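Single-structure report; data block below.
Number of protein chains: 2
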Amino acid sequence: MKEKQFKHKQAWVKTFFHARGFKCTPQRLAVLSVLKNSPKHLSISEIHSRVREFLPKVGLATIYRTLETLEELGLVVKVHLEDGCHSYTVVSREHGHPMVCVRCNRVFEFRECPIDRMSKRLSRKTGFAIETHFLQFLGKCQDCKR
Amino acid sequence: MKEKQFKHKQAWVKTFFHARGFKCTPQRLAVLSVLKNSPKHLSISEIHSRVREFLPKVGLATIYRTLETLEELGLVVKVHLEDGCHSYTVVSREHGHPMVCVRCNRVFEFRECPIDRMSKRLSRKTGFAIETHFLQFLGKCQDCKR
DNA sequence: AATCCAATTGAGAATTTTTTTCAATTGTAA
DNA sequence: TTACAATTGAAAAAAATTCTCAATTGGATT
Chain Z
861 MKEKQFKHKQ AWVKTFFHAR GFKCTPQRLA VLSVLKNSPK HLSISEIHSR VREFLPKVGL
921 ATIYRTLETL EELGLVVKVH LEDGCHSYTV VSREHGHPMV CVRCNRVFEF RECPIDRMSK
981 RLSRKTGFAI ETHFLQFLGK CQDCKR
Chain Y
861 MKEKQFKHKQ AWVKTFFHAR GFKCTPQRLA VLSVLKNSPK HLSISEIHSR VREFLPKVGL
921 ATIYRTLETL EELGLVVKVH LEDGCHSYTV VSREHGHPMV CVRCNRVFEF RECPIDRMSK
981 RLSRKTGFAI ETHFLQFLGK CQDCKR
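Top line first, the protein sequences correspond to chains Z and Y. The opening position of the first sequence corresponds to residue 861 in my numbering, with each subsequent residue numbered one higher. The opening position of the second sequence corresponds to residue 861 in my numbering, with each subsequent residue numbered one higher.
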């Protein structure tokens, strides 16, 4: 069942890559799959070692390059934490915002963006032409808040 | 006039440091002053070289340590950009959110937080106990939008 | 003003992270 | 199948960050 889902997603991603002029490589699929199957955000080296379980000879540089590509394509985002922003998570939708549990590190997605609605108003008010925004919530998930 | 302002702020900061059990050192004052006097966000090495204009023998490690301290004290924040988050800017108020001009790098502060108001509602809606949030705007400032 | 002590610093080494280079490999369009 | 540009692996290089430790210093106490 999980396999089936994976295949299905692979097919979708393949089209997605091609439509944007990128090749669909096993390395890219693996990084994406690792992130999709992790409820928690993952650091570069965590991603690297998990990808290596499937593709043992993937180099670290490839992980860097792949994450850059996937981020550019809007498939993954950096998670910004107190001590920097070196972790990644998938985003299933445009303009969803990650809610990160500081206890278990799981990432949930908040789908309605409260900023979008007021973005124009903010621009008018401030004279600043807002192009994008970065919004992320930190807190405790249902399980962790006890 | 600029001097006077600086002196005034120094006095305030001194109290601020002492109240939290930190020493008020020339290095800390210099980093803070450099950031306060820069309309743009600054990278670690930019901060380092500007601080060196006043205190020529400050080491890079001190800049790292100082920024960590100032961030902990809520006096400065990291600016998160497309390519990472390695720049800093002062924040004049709690819960102001930076609006960063992608063209001139200047940072303006948006003082009303649209999230605060809805934070409780979001928590109720999602079951996620939101503790903090990170919000930042990217766009073009009045001067740069032409 | 002098003393003392813990906090802080400077200098450089060590470590970690990220980028670059380049030959070999590999998707995929034709 | 073939050809070619994109991608990769491996290792080196560069950059960023942290660590160590002796020396210094801010400021509380006298």
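All C-beta atoms, glycine included, are put in the ideal place defined by N, C-alpha and C. These figures come from a predicted structure and were not determined experimentally.
- For the segment 925 to 970 of chain Y, the continuous beta strand (DSSP E) assignments of 3+ residues that do not extend past its boundaries occur at 936 to 941, 944 to 950, 957 to 961 and 967 to 970, in sequence order.
- Per DSSP, Lys917(Z) is not a residue of any alpha helix (DSSP H), being assigned neither H nor E.
- For the segment 968 to 980 of chain Y, residues whose beta-carbon sits nearer than 8 Å to a beta-carbon of chain Z comprise Phe968, Phe970, Pro974, Ile975 and Met978.
- Cys1001(Z) and Phe988(Y) do touch by the CB rule: their CB atoms are close to 6 Å apart, below 8 Å.
- Rounded to whole angstroms, the separation of the alpha carbons of His908(Y) and Val918(Y) is 8 Å.
- Taking a Cβ-Cβ cut-off of 9 Å, the neighbours of Leu998(Y) in chain Z comprise Ile990, Glu991, Thr992, His993 and Phe994, given in sequence order.
- Using beta-carbon distances, His878(Z) does not count as an interface residue toward chain Y, since no partner is under 8 Å.
- In this structure Tyr948(Y) touches Val937(Y) by the C-beta definition: roughly 7 Å separates them, less than 8 Å.
- The Cβ neighbour count for Phe970(Y), taken over all protein chains shown within 10 Å, is at least 16; the residue is labelled buried.
- Around the beta-carbon of His878(Y), fewer than 16 other beta-carbon atoms lie within 10 Å, marking it exposed.
- Per DSSP, the beta-bridge partners of Lys1000(Z) are Ala989(Y).
- Not a single CB atom of chain Z sits nearer than 8 Å to the CB of Lys900(Y).
- Note that the segment 878 to 898 of chain Z does not touch the segment 939 to 946 of chain Z; fewer than 3 beta-carbon pairs, one per stretch, sit closer than 8 Å.
- For Gly987(Z), the closest Cβ of chain Y is nearer than 8 Å.
- For Ser893(Z), the enclosing alpha helix (DSSP H) has its first and last residue at Pro886 to Lys896.
- Inclusion of Lys900(Y) and Arg966(Y) in the CB contact set at 8 Å is warranted, their separation being smaller than that value.
- In the structure shown, Phe994(Z) falls within a strand segment according to DSSP collapsed to helix, strand and coil.
- Contacts with chain Z (Cβ-Cβ distance below 9 Å) from the segment 880 to 914 of chain Y involve no residue at all.
- Between Phe997(Z) and Ile990(Y), the CB-CB gap stays under 8 Å.
- Val873(Z) and Pro886(Z) have their C-alpha atoms spaced approximately 11 Å apart.
- Scanning its chain for C-beta atoms nearer than 7 Å, with the 5 sequence neighbours on each side dropped, one finds around His955(Y) the residues Cys973 and Asp976, in chain order.
- Thr926(Z) and Thr875(Z) have their C-alpha atoms roughly 17 Å apart.
- Here Arg1006(Y) is exposed. Its C-beta has fewer than 16 other C-beta atoms within 10 Å.
- Within chain Y, the C-beta atoms nearer than 7 Å to that of Cys945(Z) come from His940, Gly944 and Cys945, in chain order.
- Excluding residues up to 5 positions away in sequence, Leu998 lie with their Cβ nearer than 6 Å to the Cβ of Val962(Y) in the same chain.
- The three-state secondary structure of Lys1005(Y), taken from DSSP, is coil.
- Contact annotation for Lys874(Z) against chain Y: no contact, minimum CB-CB distance about 26 Å [criterion: below 8 Å].
- Cα atoms of Phe882(Y) and Gly944(Y): separation of roughly 29 Å, rounded to the nearest angstrom.
- When the Cα atoms are used, Leu933(Y) and Val950(Z) turn out to be separated by approximately 32 Å.
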